[in-house]
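Protein chains in written order, with the working numbering: chain A, 63 to 126; chain B, 581 to 877. Just so you know, even glycine gets a beta-carbon here, dropped at the ideal spot from N, CA and C. Here the structure is a predicted model, which means the values were calculated and not measured. Heads up, the thing below is written out as structure tokens.
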Amino acid sequence: MDTSLKEVILAVVTTDKERVLHSAAPVFYARDRKEMERVALLLSKITLGMVHDLENGCLVIVKH
Amino acid sequence: MEDYGRILVSGIVAGSLGRFLLLRVDYRQYPSFPRGYITHLMLGFIASALGAIAIPALVEKEYTAVTFLALAAQQFREIRSMERDSLDTIDRTELVPRGSDYIEDIAKTFEARNYISMATALSVSLGVYLTKNIAAGIGIGALVFAAVVYSIRGQRVGDIARVVKAEISFEGPLLKVDGVVLMNVGLSAAREKYLTRALAVRIIPKDDNARATLGNVGQRQAIAHNAATQLGIRKDVDEPEFTPIARRNTESGDIVFAVFSFEPDIECLIEAIEKTPVLESSKRKPLDSPAGRKAAD
Chain A
63 MDTSLKEVIL
73 AVVTTDKERV
83 LHSAAPVFYA
93 RDRKEMERVA
103 LLLSKITLGM
113 VHDLENGCLV
123 IVKH
Chain B
581 MEDYGRILVS
591 GIVAGSLGRF
601 LLLRVDYRQY
611 PSFPRGYITH
621 LMLGFIASAL
631 GAIAIPALVE
641 KEYTAVTFLA
651 LAAQQFREIR
661 SMERDSLDTI
671 DRTELVPRGS
681 DYIEDIAKTF
691 EARNYISMAT
701 ALSVSLGVYL
711 TKNIAAGIGI
721 GALVFAAVVY
731 SIRGQRVGDI
741 ARVVKAEISF
751 EGPLLKVDGV
761 VLMNVGLSAA
771 REKYLTRALA
781 VRIIPKDDNA
791 RATLGNVGQR
801 QAIAHNAATQ
811 LGIRKDVDEP
821 EFTPIARRNT
831 ESGDIVFAVF
841 SFEPDIECLI
851 EAIEKTPVLE
861 SSKRKPLDSP
871 AGRKAAD
């Protein structure tokens, strides 16, 4: 039987280091919006998670 | 001792024929497995044999033979769990799963069809025994068959609700259909695809019963599954943002639904949703209770 965590933030991609403090999930820093979306896309393809926008310069990848 | 051959054979033939007529293999019920046909036809045959044998057994005062019917009930329950197990297994590999409610509904239908088969065989053998005429017996069986099938036919979403086209919009990353938030779509490329190529509908319940029924999550999953299988879904396992989602407008009880389908044909989407069966397990009837009726006005 498959067992996996759900509704969990797998990673955070941000253009603003100030916005993420101590994160349990790995944080990836991007220079601009374009790079942030690219990194988030790549991470989502690796983890099969979904990219969500927090509208504060952070994207999170969440497993549903 | 009478010649029971005619009674038995006509009962078994009629019952099996009934099962054959009910063997609707389509996108909703089951993928068309040739092996699935055989399994169900054989079980239908066994059910009819059990039904047909009851009358001769009673006539011969072989009352213990009636316990065979109990065996039949056990047998049919097996069919239900067999269907449930196999659909559950398949469901894990579906891009848009049926959901456990839909599976339970399908499994129940398969079980019920065997009871119909047995009831038809029983009524034909009774008819042949009483009238001594095979044609009359088959006529009685056909009537029973039609009456039972008619009485268990289910409703469809189109019977309890209106389905209309709806507009997709974004508020920041939030995907909205007619103002109701569906989900947070982070990637701008995915947002663009939703805005240009996705379809959306609003399902407006006709009364309070329909509103409660459509609120059921299993029912909504069945709608999403049917829409996705019939129109084709543009999604792969690594693209969860294109999972079709039905959300509820908590103000009005309407259901909004967006899907990124291969066929961008709104008429077909509306038809696919209207033809989705109302699941027995999700059916609610608050208007049948005094409190619900009173609260509704």
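By DSSP, does residue i sit in helix, in strand, or in coil?
i                 : result
Gln865 of chain B : For clarity, residue 865 of chain B is Lys in the given sequence; the question names Gln instead. Three-state result, Lys865 of chain B: coil.
Thr76 of chain A  : strand
Asn713 of chain B : coil
Pro857 of chain B : strand
Ala838 of chain B : strand
Tyr584 of chain B : coil
Lys874 of chain B : helix
Ala741 of chain B : strand
Arg608 of chain B : The pLDDT assigned to Arg608 of chain B is 49, lower than 50, so where the model puts this residue is not dependable; a value taken from the coordinates is nonetheless given after this. Coil at Arg608 of chain B, not helix or strand.
Val646 of chain B : helix
Val593 of chain B : helix
Ser749 of chain B : strand
Val708 of chain B : helix
Ser832 of chain B : coil
Glu851 of chain B : helix
Arg660 of chain B : helix
Gly598 of chain B : helix
Val82 of chain A  : coil
Glu843 of chain B : coil
Val676 of chain B : coil
Leu775 of chain B : helix
Leu603 of chain B : coil
Thr65 of chain A  : coil
What residue range does the alpha helix (DSSP H) around residue i cover?
i                 : result
His114 of chain A : Taken as a continuous stretch (DSSP letters only), His114 of chain A belongs to no alpha helix (DSSP H), being part of the beta strand (DSSP E) at Met112 to Asp115.
Arg782 of chain B : Arg782 of chain B -> not in any alpha helix (DSSP H); beta strand (DSSP E) instead, spanning Leu779 to Pro785.
Ala632 of chain B : Pro614 to Val639
Ala86 of chain A  : Element bounds for Ala86 of chain A: n/a, residue is neither H nor E.
Ala825 of chain B : Note that residue 825 of chain B corresponds to Ile in the displayed sequence, not to Ala. First-last for Ile825 of chain B: Ile825 to Arg828, but that is the beta strand (DSSP E), not the alpha helix (DSSP H).
Ala815 of chain B : One point to set straight first is that residue 815 of chain B is Lys, not Ala, in the sequence displayed. It is not in any alpha helix (DSSP H) - Lys815 of chain B carries neither H nor E in the DSSP assignment.
Asp788 of chain B : Asp788 to Gly795
Arg100 of chain A : Arg95 to Thr109
Per DSSP, residue i forms a beta bridge with which residues?
i                 : result
Met763 of chain B : B:Leu755
Val70 of chain A  : A:Lys125
Arg736 of chain B : B:Pro857
Buried or exposed: residue i, going by 16 or more other Cβ atoms within 10 Å of its Cβ?
i                 : result
Lys756 of chain B : buried
Val74 of chain A  : buried
His84 of chain A  : exposed
His126 of chain A : exposed
Tyr607 of chain B : Reliability of the predicted coordinates at Tyr607 of chain B is poor, the pLDDT of 46 falling under 50, and no value is obtained from them.
Glu775 of chain B : The question names Glu, but residue 775 of chain B is Leu in the sequence shown. Classification of Leu775 of chain B: exposed, given that the 10 Å Cβ count is below 16.
Glu663 of chain B : buried
Thr669 of chain B : exposed
Thr878 of chain B : Given that chain B is displayed from residue 581 to residue 877, the structure contains no residue 878 of chain B and the question cannot be resolved.
Ile718 of chain B : buried
Glu691 of chain B : buried
Thr76 of chain A  : buried
Tyr584 of chain B : buried
Tyr643 of chain B : exposed
Lys96 of chain A  : exposed
Val704 of chain B : buried
Thr793 of chain B : buried
Phe822 of chain B : buried
If I follow the unbroken beta strand (DSSP E) through residue i, where does it start and stop?
i                 : result
Tyr91 of chain A  : Val89 to Tyr91
Leu121 of chain A : Cys120 to Lys125
If you measure from the CB of residue i, is any heavy atom of the ligand SAM nearer than 7 Å?
i                 : result
Ile659 of chain B : Only the bare structure without any ligand can be found here, which leaves the ligand SAM out of the picture.
Under 7 Å (Cβ pairs) to chain A, residues found in the segment 758–790 of chain B: Asn764, Gly766, Leu767 and Ser768
task: Scan the segment 104–118 of chain A for residues whose Cβ lies nearer than 8 Å to a Cβ of chain B and list them as they occur along the chain.
output: Ser106, Lys107, Leu110, Gly111, Met112, Val113, His114, Asp115 and Glu117
message: Please list, in chain order, the residues of the segment 811–836 of chain B that have any C-beta partner in chain A closer than 9 Å.
response: Val817, Asp818, Glu819, Pro820, Glu821 and Thr823
message: Using a Cβ-Cβ cutoff of 7 Å, what residues of the segment 740–756 of chain B are near chain A? List them in chain order.
response: Against chain A - using a Cβ distance shorter than 7 Å - the residues of the segment 740–756 of chain B are Gly752 and Pro753.
field: Residues within the segment 80–103 of chain A neighbouring chain B, beta-carbon criterion of under 9 Å
entry: Arg95, Glu99, Ala102 and Leu103
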